[in-house]
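Here is the structure we will look at, set down as structure tokens.
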Amino acid sequence: MELRVIDKTDEELRMEIAGEDHTFMNVLKGALLETEGVAAATYDVNPEQSGGQTDPILSVKTEGGLDPLDAVADASRRVQDMTADFYDAFEAAL
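This is the structure:
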């Protein structure tokens, strides 16, 4: 996975996440929307409307002084924790 910050301000972030699709992006977006201080989170993977871009572009807007990179880091840790919990539950079910 390659990450490339396109634009960043104190409260907004646009970042390309190469090699991912809707599966990962929906989970990450959901975790971001559950993060305190995140006002909005979305992504775009539509090449026709994005000038030919094929890798997802994540957009995050924060409030209350939360740095958007910190929000992405927090959401990513929660996705990792959810994945580990799912794996443990799956192994226990076998």
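Read left to right, the sequence shown gives residues 127 to 220 (my numbering). Virtual Cβ for every residue (Gly too), placed ideally from N, Cα, C.
Determine which residues share a DSSP beta bridge with Asp133 and list them.
Arg140
Can you tell me whether DSSP reads Leu158 as helix, strand or coil?
helix
Closest by CA to Lys155, which one among Val205, Gly191, Phe216?
Val205
Helix, strand or coil at Asp196 according to DSSP, with G and I counted as helix
helix
Can you give me the C-alpha to C-alpha distance between Glu162 and Leu220, rounded to a whole angstrom?
36 angstroms
Quick one: what's got a C-beta closer than 6 angstroms to Ala167's C-beta in the same chain, skipping five residues either side?
Lys155, Leu158, Leu159, Val186
If you drop the 5 nearest sequence neighbours on each side, which residues of the same chain put their C-beta closer than 7 angstroms to that of Gly190?
Gly163
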